[in-house]
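Using the UniProt record's numbering, you'd call the opening residue of the sequence shown number 1 and step up by one each time.
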Amino acid sequence: MEYNFREIEKKWQKRWVENKTYQVTEDETKKKFYVLNMFPYPSGAGLHVGHPLGYIASDIYARYKRLQGFNVLNPMGYDAYGLPAEQYAIQTGQHPAITTVNNINRYREQLDKIGFSFDWNREIRTCEPEYYHWTQWAFQKMFNSYYCNDEKQARPIQELIEAFSQTGTEGINVACSEELSFTAAEWNAKSEKEQQEILMNYRIAYLGETMVNWCPQLGTVLANDEVVDGVSERGGFPVIQKKMRQWCLRVSAYAQRLLDGLDTIDWTESLKETQKNWIGRSEGAEIEFKVKDSDLEFTIFTTRADTMFGVTFMVLAPESELVQQLTTDTQKDEVNAYLERTKKRTERERIADRSVTGVFSGSYAINPFTGEAVPIWISDYVLAGYGTGAIMAVPAHDSRDYAFAKHFGLEIRPLVEGCDVSEESFDAKEGIVCNSPREGVTPYCDLSLNGLTIKEAIAATKKYVKEHNLGRVKVNFRLRDAIFSRQRYWGEPFPVYYKDNMPYMIDESALPLELPEVAKFLPTETGEPPLGHAAKWAWNTVNKCVVENEKIDNITVFPLELNTMPGFAGSSAYYLRYMDPHNNQALVDKKTDEYWHNVDLYVGGTEHATGHLIYSRFWNKFLYDLGISVAEEPFQKLVNQGMIQGRSNFVYRIKDTNTFVSLNLKDQYDTTPLHVDVNIVSNDVLDLEAFKAWRPEYETAEFILEDGKYICGWAVEKMSKSMFNVVNPDMIVDKYGADTLRMYEMFLGPVEQSKPWDTNGIDGVHRFIKKFWSLFYDRNDNYLVTDEPATKEELKSLHKLIKKVTGDIEQFSYNTSISAFMICVNELFGMKCSKKEILNQFIIVLAPFAPHVCEELWETLGNAGSVCDAKWPVCNEEYLVEDTVNYTVSFNGKARFNMEFPADAASDAIQTAVLADERSEKWMEGKSIVKVIVVPKKIVNIVVK
Numbered sequence: 001m002e003y004n005f006r007e008i009e010k011k012w013q014k015r016w017v018e019n020k021t022y023q024v025t026e027d028e029t030k031k032k033f034y035v036l037n038m039f040p041y042p043s044g045a046g047l048h049v050g051h052p053l054g055y056i057a058s059d060i061y062a063r064y065k066r067l068q069g070f071n072v073l074n075p076m077g078y079d080a081y082g083l084p085a086e087q088y089a090i091q092t093g094q095h096p097a098i099t100t101v102n103n104i105n106r107y108r109e110q111l112d113k114i115g116f117s118f119d120w121n122r123e124i125r126t127c128e129p130e131y132y133h134w135t136q137w138a139f140q141k142m143f144n145s146y147y148c149n150d151e152k153q154a155r156p157i158q159e160l161i162e163a164f165s166q167t168g169t170e171g172i173n174v175a176c177s178e179e180l181s182f183t184a185a186e187w188n189a190k191s192e193k194e195q196q197e198i199l200m201n202y203r204i205a206y207l208g209e210t211m212v213n214w215c216p217q218l219g220t221v222l223a224n225d226e227v228v229d230g231v232s233e234r235g236g237f238p239v240i241q242k243k244m245r246q247w248c249l250r251v252s253a254y255a256q257r258l259l260d261g262l263d264t265i266d267w268t269e270s271l272k273e274t275q276k277n278w279i280g281r282s283e284g285a286e287i288e289f290k291v292k293d294s295d296l297e298f299t300i301f302t303t304r305a306d307t308m309f310g311v312t313f314m315v316l317a318p319e320s321e322l323v324q325q326l327t328t329d330t331q332k333d334e335v336n337a338y339l340e341r342t343k344k345r346t347e348r349e350r351i352a353d354r355s356v357t358g359v360f361s362g363s364y365a366i367n368p369f370t371g372e373a374v375p376i377w378i379s380d381y382v383l384a385g386y387g388t389g390a391i392m393a394v395p396a397h398d399s400r401d402y403a404f405a406k407h408f409g410l411e412i413r414p415l416v417e418g419c420d421v422s423e424e425s426f427d428a429k430e431g432i433v434c435n436s437p438r439e440g441v442t443p444y445c446d447l448s449l450n451g452l453t454i455k456e457a458i459a460a461t462k463k464y465v466k467e468h469n470l471g472r473v474k475v476n477f478r479l480r481d482a483i484f485s486r487q488r489y490w491g492e493p494f495p496v497y498y499k500d501n502m503p504y505m506i507d508e509s510a511l512p513l514e515l516p517e518v519a520k521f522l523p524t525e526t527g528e529p530p531l532g533h534a535a536k537w538a539w540n541t542v543n544k545c546v547v548e549n550e551k552i553d554n555i556t557v558f559p560l561e562l563n564t565m566p567g568f569a570g571s572s573a574y575y576l577r578y579m580d581p582h583n584n585q586a587l588v589d590k591k592t593d594e595y596w597h598n599v600d601l602y603v604g605g606t607e608h609a610t611g612h613l614i615y616s617r618f619w620n621k622f623l624y625d626l627g628i629s630v631a632e633e634p635f636q637k638l639v640n641q642g643m644i645q646g647r648s649n650f651v652y653r654i655k656d657t658n659t660f661v662s663l664n665l666k667d668q669y670d671t672t673p674l675h676v677d678v679n680i681v682s683n684d685v686l687d688l689e690a691f692k693a694w695r696p697e698y699e700t701a702e703f704i705l706e707d708g709k710y711i712c713g714w715a716v717e718k719m720s721k722s723m724f725n726v727v728n729p730d731m732i733v734d735k736y737g738a739d740t741l742r743m744y745e746m747f748l749g750p751v752e753q754s755k756p757w758d759t760n761g762i763d764g765v766h767r768f769i770k771k772f773w774s775l776f777y778d779r780n781d782n783y784l785v786t787d788e789p790a791t792k793e794e795l796k797s798l799h800k801l802i803k804k805v806t807g808d809i810e811q812f813s814y815n816t817s818i819s820a821f822m823i824c825v826n827e828l829f830g831m832k833c834s835k836k837e838i839l840n841q842f843i844i845v846l847a848p849f850a851p852h853v854c855e856e857l858w859e860t861l862g863n864a865g866s867v868c869d870a871k872w873p874v875c876n877e878e879y880l881v882e883d884t885v886n887y888t889v890s891f892n893g894k895a896r897f898n899m900e901f902p903a904d905a906a907s908d909a910i911q912t913a914v915l916a917d918e919r920s921e922k923w924m925e926g927k928s929i930v931k932v933i934v935v936p937k938k939i940v941n942i943v944v945k
């Protein structure tokens, strides 16, 4: 019977649905294993062959764990909110919900063709009210919580209100936006609005003034990864820095716990290091600097208080509120021009750019250690969101300060006696370094720090700061609070209404607050977000429902929030919802959560290292504080799959003609290389008729061939429509089958590495499956399988495979597993082995990689049920013990022949047999034996002279 993959794959995909093969329920009699993929945003382009890489890798592992007897949860859903659908709606007028559903249907069709073991009964879509109900609920909980630094957890805001009413701010140690001080009497005397404004300083979800990436043409705030070279990734519109009142999440309160949690999870060291750097813990001191001839003062944070005596200027971030206060009249025009230029650069660009720019404010600060007046400059290498938005510059001992001082001719003062300063003298680890002595230079340090180690000098200076009341010792973090507002339509609505310009939460029983219909998806003419177009977007606090805007009376009916939540809102706790997706009473049932606990294996791209993975860890820790999540860390093990790059093909057109010359002849002509659709190229050979039909301008194309073929050039590039190197997995499945696609994607290289897609090798994987099939059926459709007992050699071949593949799957070394399958099939084929005892076990081991063909052959062998429910075979080491060993026999170190000996043969017996062998006589003739060396199980070397 011929291997007809099309019929086989359709049959089993249908059977899996009918039998609910992949639906899973909690089963206390089984150990659980939770596998999760970072769910996709369903774009209109559908999947290309790079997208399923991680899904296939995790699916293999999920199937493997099921075969090992685990109860495996392997869900899938869609990150369905996003700017692309909204932009398409703006361009076409079609509602984002319609395009999103169409795109999801397309994705589902493609995913089903590849044969994943997803439990689609648990599918979630972040745009569905049943799902975002719980995102809104979590937001409300954050709004009604504060973070207690003493207890290191989120607590109800009501506790803080009670403390304020009894003792004011005395004795509180909580996360906040700024330090406030008031008595109980002062608190109790304040109006409701004033109290709400103060509480905003402490809430975990709060309204705050923040710098954002504002795109006027899109009318929305953009995340850093949505901005490239100062313009929006989508549309290429200019982006500026703008201060806006936005919803924020106090992620910074969890900074230390986010750091500590990294020690408890199985992630790569490089990824952990990335998160550690992003969180950026540093111990130092906050020091107050007064402004000369002014009552103003400002705070700087430094990890190197010991360098205070080397400060020769100060630098403010362009966004700092102090800029306008400190800029003198004579400097105003120059400063304003600089601020205008800076608005066009994102923070990410400013961090990456090492060029020097800045402007003098005209004011001076007083160094509290020396009493000296030092100039205050403004530069975009200082960021408002890091530290206090102001730095003390020590150019002698900091490379960026040094570059700034050199550029603007500012003083560079060394701290250490005899220290010369040059750009090459800096050491990132040691900080203060000396290049060579210089006459007439004396240290400017009054604290006798010379001779101390850097650690000792820092400690001495911190003590000095404390004793002289110059500031305070503090631990600081680079991690900033998350901006949580977007001026878009297609996103989760905030469950918030406004009374007296202060936010209040709608009643929890009224959730979800559903996204309304709008006339336009653009901002309003007055600059409000698209929800400003909604005619029915007001909250009736009595009836707890949405009503028409015209009913707003600011007594019982109030306006609703016009911003929506960002994309990461829906992806931050989705792993919990997969556990219990149909529960309309809770995000997740406690008992269900206790069973699944957290994700055992999470697979996704490295691009989410500092965005999604930070936010989801924060979100989960907050839910853990509330007793909702039973695990503090959401993802126990994380594997980052690499990217599959495109393999582009080129044709070479002779200039000023419509003639194309083959690759190896192109140097004979003046040619221009052009990208060509890789789907009309096979093994770098161009389909000439398909090329002519590809585009109208090529209909009359002529070709100069080599050996009757047109050979294309190639290069590895990013998979992109513009390069015509996007490969649709549907085409591969249609031509070779899903099992071939699955195995080939794994065969390309290690899961974690990026690698080029190259269809030139896919035939080999397809031939392997057909060869495996031929162990069951011959060309005449004769069934070959027998019940004869397996030989020792056949069992050895099988158990080598079991051992290899088991180890490879645990290490995600799937590419070497594919090689092992090929070797084993070749060995069995050579032994003409079609024995059920061997093939039954082989099928189970291959099933995670090629489930369709394995289901078919499992049934062919007469097994009941699905191969998914078989038992993973265990390697029997006894079958791998060698009975004989092949020794290489050498004379004076040169190999001459080989001999077989029993594995337990003694060295004396081996030596005697070798010397007695007639082949040895030739190499010993006329010579005497100096010595015989027997290396066990390897070599016999006879030294003669």
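Note that beta-carbon positions come from the ideal geometry of N, C-alpha and C, so glycine has one too.
Taking K193 as the centre and dropping the five residues before and after it, the same chain places the C-beta of D500, M502 closer than 7 Å to its C-beta, in chain order.
Cα atoms of C248 and R486: separation of roughly 11 Å, rounded to the nearest angstrom. Non-local C-beta neighbours of Y575 in its own chain, meaning closer than 7 Å and more than five positions away in sequence, comprise L36, V599, P634, ordered along the chain. In this chain, the beta strand (DSSP E) harbouring W214 covers 205 to 215.
Secondary structure at S616: helix, using DSSP grouped into helix, strand and coil.
Between the C-alpha atoms of G389 and E347 there is a straight-line separation of about 13 Å.
Residues of the same chain with a CB within less than 7 Å of the CB of Y698, apart from the 5 flanking positions on each side, are F691, K692 in chain order. In chain order, Q241, K243, E319, A384 place their CB closer than 6 Å to the CB of M211, counting only its own chain and leaving out the 5 sequence neighbours on each side.
P789: not part of any beta strand (DSSP E); DSSP gives it neither H nor E. Assignment of G362 by DSSP, reduced to helix, strand and coil, places it in the strand class.
The Cβ-Cβ distance between F237 and V231 falls below 8 Å. The three-state reading of DSSP puts E855 in helix, counting H, G and I together.
When DSSP states are grouped into helix, strand and coil, H675 belongs to the strand group.
Relative to L562, the option among L839, D401, V251, E517 whose CA is nearest is E517. Closest in alpha carbon position to E349, among E334, A337, V382, is V382. With a contact defined as Cβ atoms closer than 8 Å, F650 and T564 miss out at about 44 Å. Per the C-alpha coordinates, the member of R488, V914, A352, T25 positioned closest to I939 is V914. From the listed residues S191, E288, P96, W267, the smallest Cα separation to H468 is found for E288. Contact between Y78 and P42 holds, since their C-beta atoms are separated by about 5 Å, short of 8 Å. For D260, the secondary structure class from DSSP, reduced to helix, strand or coil, is helix.
R125 carries a strand assignment under DSSP once its states are collapsed to helix, strand and coil. For L601, the enclosing beta strand (DSSP E) has its first and last residue at 601 to 604. Taking 8 Å as the cut-off, the Cβ atoms of T220 and R488 count as close. The C-beta distance from R250 to Y206 rounds to 7 Å, short enough to meet the 8 Å contact threshold.
Out of Y879, K30, Y498, the CA that lies nearest to the CA of L67 is found in K30. Only residues of its own chain outside the window of five on either side were considered, and among them H597, N598 have a CB closer than 6 Å to the CB of A631, listed in chain order.
For A903, same chain residues with a beta-carbon under 8 Å away, outside a window of 5 residues either side, are V881, E882, D883, T884, V885, K937 in chain order. In the structure shown, the three-state DSSP call for I933 is strand. DSSP, read as helix, strand or coil, puts F182 in coil.
Every beta strand (DSSP E) stretch that sits fully inside the segment 817 to 895 and reaches 3 residues is listed by chain position as 884 to 891. Of the candidates E918, K871, W923, F901, the residue whose Cα lies closest to the Cα of K894 is W923.
DSSP places V726 outside any alpha helix (DSSP H), giving it a letter other than H or E. Considered as a whole, the UniProt domain "Methionyl/Leucyl tRNA synthetase" (35 to 157) harbours 71 to 73, 145 to 148, 153 to 156 as its complete beta strand (DSSP E) runs of no fewer than 3 residues, in chain order. Residue range 918 to 924 is occupied by the alpha helix (DSSP H) that includes K922. The beta strand (DSSP E) runs of length 3 or more contained entirely in the segment 284 to 364 are, from start to end of the chain, 297 to 302, 313 to 316. Distance from the CA atom of E178 to the CA atom of L339, rounded to whole angstroms, is 25 Å.
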